[in-house]
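Numbering (the UniProt record's numbering), first residue to last: 1 to 226.
Where is the CB? At the ideal position from N, CA and C, for every residue including glycine.
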Amino acid sequence: MKFIFLEEMISVAQDSFYKLYASVELKNGIRGVNDYIVVTEENGNTIRMNNRTGIGGNLYRYIVTPGGEMTIEVVTKNLFMNTKMAISVYYRAYCKQLQISDGQTISIPGNSLQPIPAHYSCTYLIAAPTSPTTGLYANVTLISNMNGIQDKIIVTDITGANVWDRDINYYNYIVIPGSSMSFQIKTGELFMASMFLIRVEWHEVNIGPTKPMIRDEINYVDLGLL
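Okay, structure coming up:
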């Protein structure tokens, strides 16, 4: 005798105001010998998990692209074996830009590293606005875990230089008032569970008086005014 206590279908609409995809996390804590989980991925591939793969709450990640769906079926026997599981679904916009606000911390695509789909292409622009007396600067962190050969991140810093090395996973940048930088994220045609996280912290600064530099003369600056 079997008792099916959950069958979850996760789908993403084909058309929406934001082009969305779903990042799905399954934590498998199957303990009963005859209890199991069946995952049917978007491409129709079926994965069966039992207590050999479940103890310890192993984490599995999946992607559902626009117009696609996947199902997760959990089956237990009639004996209670303290089987546990958790499903987390994060709906993300493909190319949602960051909002600018003093004192705010924003993370893209979410608060933690999560896989992105194949054929992902987006450029995130981080600009630090300025006025005659005040401005914002951004403390930017990039965490990169790009797995596919065709998957890459092109970083253009405030000097215009492109800096990114596949073997380095952590970067930190400062975007000073009046400047900008960008991150171009691209993945190939195969889903390789590549992940990235961009975290931006905005801070306000005061901007003092400006003094033009005069050509062919020695220019002096009072550092006490900085």
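Does DSSP put residue i in a helix, in a strand, or in coil?
i	result
residue 139	strand
residue 168	coil
residue 232	No answer is possible for residue 232: it lies beyond the span of the chain, which begins at 1 and ends at 226.
residue 31	coil
residue 119	coil
residue 190	coil
residue 147	coil
residue 99	coil
residue 112	coil
residue 134	strand
residue 176	coil
residue 220	coil
residue 10	strand
residue 17	With a pLDDT of 49 at residue 17, under the threshold of 50, the modelled position of that residue is not reliable, and the figure given next carries that caveat. Residue 17 falls in the coil class under three-state DSSP.
Exposed or buried, what is residue i when buried is set at 16 or more other beta-carbons lying within 10 Å of its beta-carbon?
i	result
residue 213	exposed
residue 129	exposed
residue 191	buried
residue 183	buried
residue 26	buried
residue 220	exposed
residue 189	exposed
residue 1	With a pLDDT of only 46 at residue 1, under 50, the local geometry of the prediction cannot be trusted, and no value is derived from it.
residue 209	exposed
residue 112	exposed
residue 35	buried
residue 168	exposed
residue 105	exposed
residue 6	exposed
residue 196	buried
Could you give the distance in angstroms between the alpha-carbon of residue i and the alpha-carbon of residue j?
i	j	result
residue 194	residue 148	7 angstroms
residue 37	residue 102	46 angstroms
residue 87	residue 150	29 angstroms
residue 122	residue 134	30 angstroms
residue 17	residue 68	Reliability fails at residue 17, whose pLDDT of 49 lies under 50, so the model's placement of it is uncertain and the value that follows must be treated cautiously. Those two C-alpha atoms are separated by around 17 angstroms.
residue 152	residue 73	34 angstroms
residue 174	residue 10	39 angstroms
residue 198	residue 46	33 angstroms
residue 204	residue 158	18 angstroms
residue 8	residue 94	24 angstroms
residue 83	residue 32	6 angstroms
residue 206	residue 132	9 angstroms
residue 211	residue 141	33 angstroms
residue 218	residue 118	56 angstroms
residue 178	residue 137	8 angstroms
residue 50	residue 186	35 angstroms
What are the partner residues of residue i, as DSSP defines its beta bridges?
i	result
residue 215	In the DSSP output, where bridge partners are listed per residue, residue 215 has none listed.
residue 22	64 and 91
residue 181	126
residue 105	201
residue 38	48 and 73
| message | Extract the residue ranges of the beta strand (DSSP E) inside the region 40–96, only unbroken runs of 3 or more that lie entirely within it. | response | The region 40–96 contains these whole beta strand (DSSP E) runs: 46–49, 58–64, 69–77 and 84–93.
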